[in-house]
Ligand code: ADP
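Numbering (full-length UniProt numbering), first residue to last: 1 to 168.
Put into structure tokens, the structure is as follows:
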């Protein structure tokens, strides 16, 4: 049975099979975690992304990791929170995690790290975003060796210590 870990840190430093990128629908780079991943991976990542012709909200696409310690990057596009009602936003965010894990499974990947998708510029309330991430990861632990949720800020990490002490 695989395990879930929640850590605080920079996802670009992790040497797992794949890190997930909270991309925008162009897949051509942005700020936040997307900018950090492209910066660390180098220009070849952008070149491969150009061949993918974008990605719809809730869907996912995979590339190599280039200069990253991670072998692959799974790019997914989270919902912009204010553009949907709550139920729709949650369904789309769940789809991001589900479709990323599906791609990981199809590629035989066993260790996957996620950032807190949509919870930055896209405005998804952080505590809710953490709940969606953890609940979705929990449904798939048996298929993977390790699923990691990487939080960037002290505040998000504080929520997890309260809500999910078993995983911290
Ligand atoms: P979105 O547009 O989907 O909201 P952002 O990149 O703005 O994506 O934010 C998603 C989450 O990623 C935020 O919680 C942000 O703090 C976090 N983040 C930013 N840089 C990094 C990084 N290097 N490693 C891990 N998480 C990061």
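Ideal Cβ placement from N, Cα and C applies to all residues, glycine included.
Keep in mind it's a predicted model, so treat the numbers as computed, not measured.
Environment of residue 198 [buried if 16+ CB atoms lie within 10 Å]: This structure gives no information on residue 198, because the portion of the chain shown stretches from 1 to 168.
For residue 61: DSSP bridge partner residues: The residue given as residue 61 occupies position 61 in the chain shown. In the DSSP output, where bridge partners are listed per residue, residue 61 has 75.
Euclidean distance between Cα positions of residue 134 and residue 142: Taking the chain shown and counting its residues from 1, one reaches residue 134 at position 134. Taking the chain shown and counting its residues from 1, one reaches residue 142 at position 142. When rounded, the distance between both Cα atoms is 14 Å.
Residue 43 versus residue 98: straight-line alpha-carbon distance, rounded: Counted from its first residue, the chain shown places residue 43 at position 43. Counted from its first residue, the chain shown places residue 98 at position 98. Each residue's alpha carbon lies about 28 Å from the other.
At least 3 beta-carbon pairs within less than 8 Å: the region 18 to 25 vs the region 159 to 168: no
DSSP state of residue 28 mapped onto helix, strand, coil: On the chain shown, position 28 is the one that residue 28 refers to. DSSP places residue 28 in coil when its eight states are reduced to three.
Check: residue 122 C-beta below 6 Å from any heavy atom of the ligand ADP: In the chain shown, the residue the question calls residue 122 occupies position 122. Checking the Cβ of residue 122 against the ligand ADP gives yes.
Residue 55 and residue 77 closer than 7 Å at C-beta: Looking up residue 55 in the chain shown gives position 55. Looking up residue 77 in the chain shown gives position 77. Going by C-beta atoms, residue 55 is nearer than 7 Å to residue 77.
DSSP-derived helix/strand/coil call for residue 145: The count along the chain shown starts at 1 and reaches residue 145 at position 145. Of the three classes helix, strand and coil, the one that applies to residue 145 here is coil, per DSSP.
DSSP state of residue 51 mapped onto helix, strand, coil: Indexing the chain shown from 1 puts residue 51 at position 51. If DSSP states are grouped into helix, strand and coil, residue 51 belongs with coil.
Buried or exposed (CB count within 10 angstroms, at least 16 for buried), residue 35: By 1-based counting over the chain shown, the position of residue 35 is 35. Counting Cβ neighbours within 10 Å, residue 35 comes out exposed, since fewer than 16 surround it.
Which listed residue (45, 102 and 57) has its alpha carbon closest to that of residue 84: Counted from its first residue, the chain shown places residue 84 at position 84. Residue 84 has its Cα closest to that of 57, out of 45, 102 and 57.
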